Amino acid sequence: MFRRIWQIIIKEFIQVWRDKKLRFFLVGPPLVQLLTYGYAINFDVKNVPMGIYDEDRTPETRNLINRFRSNEYFNVKYYIESPEQLRDLINRNEVTFVLHLPWDFTKKFKSGHAAPIQLITDATDSNAALIVNRYAGSILDGYTQEIMQQRLRPLGIKVKMDPPVDLQYRAKFNPNLLSRWTFVPGVIAMVVMLVSLMLTALAVVREREIGTMEQILVTPIRPVEFLLGKTIPFVLISLAEVAMVTLVAVVWFEVPLRGQLYVLFLGTLSFLFNSVGLGLLIST
């Protein structure tokens, strides 16, 4: 029994090696997916292109602008001169965020009244827009607290402006919220599913296409041996693909591998049973 299964396994490896398109499929798509998810897909919001439309141009407005300039999340690229230029920059996607300070900002500010400002955000990417607005809100909150302290200090009133509840968020498994730490490991599951499913689905169909199914049917090979001989090579190939993707993720993208390797291996093997079974269902 094992000898017959071993012969089928050898036959499958020979067929895989002879098929140039199949060899490219085993290496090309996984690497493309890995590079795409590692570099192209990125949800990190930093260096947001920003424009400043300062109609007041006073030391008070410059103080507020400097807070945005010194923040790592914003990159001040344009100083806007007119509403037309503002709309043009937004429409051409040159800026994602604009801080508009009206001409009477300092006047209202010094008179003790609320000094409104305008925050203009390109919300084409709604998720990024929410994050950018949250960053801007935190900067403005700090600026407001500093101004209130300056106003109360001459009156001899010492007020600690710290909030009553201080919320500090920390991600346990991805402290810096790097996108590649989330997406690159996901390629492992995609490679396992696509490679094992498609190769297994093509395995039985290939025999019928090239006309060798009838020859196999008259051999002493039992159906279980035939299916095992067809699936084991692709399980081994899928495990090799996972090892390759994991190595690239750890070495090239510097994704930390925490935990035991055998746990990853057992989980991958368990997932393979599902995809291989689905491939056999499609094939038969």
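Numbered according to this note's numbering, the sequence shown terminates at residue 421, and the numbering increases by one at each position without gaps.
Yeah, the Cβ is synthetic: ideal placement off N, Cα and C, and Gly gets one too.
If you're wondering where the values come from, they're calculated on a predicted model, not measured in any experiment.
What did DSSP end up calling Met327 once you bin it into helix, strand or coil?
For the purposes of this step, residue 327 is identified with residue 190 of the sequence shown, where counting begins at 1. Met327 falls in the helix class under three-state DSSP.
If we count the other Cβ atoms within 10 Å of its Cβ and call it buried at 16 or more, is Thr281 buried or exposed?
Taking the first residue of the sequence shown as 1, we reach residue 281 at position 144. Its Cβ having fewer than 16 others within 10 Å, Thr281 is exposed.
Kindly indicate which residue of Leu364, Lys183 and Leu415 has the alpha-carbon position closest to the one of Asn313.
By one-based count along the sequence shown, residue 313 stands at place 176. When each option's Cα is compared against that of Asn313, the closest is Lys183.
Nearest-angstrom Cα separation, counted from Thr421 out to Val328
In the sequence shown, residue 328 corresponds to position 191, counting from 1. In the sequence shown, residue 421 corresponds to position 284, counting from 1. If I take the Cα positions, the gap works out to 22 Å.
Quick one: Cα of Val379 to Cα of Trp143, how far?
Your numbering for residue 379 matches position 242 in the sequence shown. Your numbering for residue 143 matches position 6 in the sequence shown. For Val379 and Trp143, the distance between alpha carbons rounds to 23 Å.
For Val302, the three-state DSSP class (helix, strand or coil)
The residue labelled residue 302 in the question sits at position 165 within the sequence shown. Because Val302 carries a pLDDT of 45, less than 50, the predicted location of this residue cannot be relied on, and the following value inherits that uncertainty. Residue state, collapsed to three classes: coil.
Can you tell me which of Val400, Ile353, Thr383 and Val324 puts its alpha carbon nearest to the alpha carbon of Pro166?
Stepping through the sequence shown from its first residue, residue 166 is reached at position 29. The candidate whose alpha carbon is nearest that of Pro166 is Val324.
Note down the Cα distance separating Phe371 from Leu315, rounded to an integer number of angstroms.
Indexing the sequence shown from 1 puts residue 371 at position 234. Indexing the sequence shown from 1 puts residue 315 at position 178. The alpha-carbon separation between Phe371 and Leu315 amounts to approximately 33 Å.
Is it buried or exposed, Asp191, if we count other Cβ atoms within 10 angstroms and call 16 or more buried?
In the sequence shown, counting from the first residue as 1, residue 191 sits at position 54. Label assigned to Asp191: buried.
Near Leu226, which residues of its chain fall below 8 Å by C-beta distance, leaving aside the five closest residues on each side in sequence?
Taking the sequence shown and counting its residues from 1, one reaches residue 226 at position 89. Cβ neighbours of Leu226 beyond the five flanking positions: Gly188, Tyr215, Ile217, Val232 and Val235.
My parser needs the beta strand (DSSP E) runs of 3 or more residues fully inside the segment 144-209; what are they?
185-191
Whole-angstrom C-beta distance between Phe390 and Val321, which should lie under 8 Å
Numbered from its first residue, the sequence shown carries residue 321 at position 184. Numbered from its first residue, the sequence shown carries residue 390 at position 253. At roughly 5 Å, the Cβ-Cβ gap stays under 8 Å, so Val321 and Phe390 are in contact.
Given Leu223, which residues of its chain have a CB within under 8 Å of its CB, disregarding the five upstream and five downstream residues?
Along the sequence shown, one-based indexing puts residue 223 at 86. Here the set comprises Gly188, Tyr190, Ile217, Val235, His237 and Ile257.
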